[in-house]
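**Q** Numbering (UniProt numbering), first residue to last: 1 to 108.
All C-beta atoms, glycine included, are put in the ideal place defined by N, C-alpha and C.
1) So, does the region 25-45 touch the region 73-81, judging by three or more C-beta pairs under 8 Å?
2) For residue 5, tell me which candidate among 62, 88, 44 has the shortest Cα-Cα distance.
3) Given this structure, state the Cα-to-Cα distance separating residue 24 from residue 15, to the nearest angstrom.
4) Look at the Cβ atom of residue 47, then the Cβ atom of residue 2, and state whether they are nearer than 8 Å.
5) Can you list, in chain order, the residues of its chain with a C-beta nearer than 7 Å to that of residue 20? Leave out the 5 residues immediately preceding and following it.
6) On the DSSP letters alone, give me the boundaries of the beta strand (DSSP E) that residue 3 sits inside.
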């Protein structure tokens, strides 16, 4: 299972800029040029992998809806939790991943 928290580039850069302005500690990876590089790497390396996972039915997308300059982070968390729950509980049966060999066992 992969979860993509879908938002615009503008939302990402504004969020990081806001964190940089309000945080007591400035993170080196929040510098504008680093953020732009990170977004380009995401487009080049991550998007093709996400397409592959989507084609296999392994990708869940959680959309961030920005309303009046604010985002309901509780809603984003809830949507992520529901995506995880739906991957764990399939058709009322619980699937558990073995720690030993990554085999999926169905419990009744």
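**A** In short:
1) no
2) For the set 62, 88, 44, the Cα lying nearest the Cα of residue 5 is the one of 62.
3) 15 Å
4) no
5) 26, 30
6) 2-6
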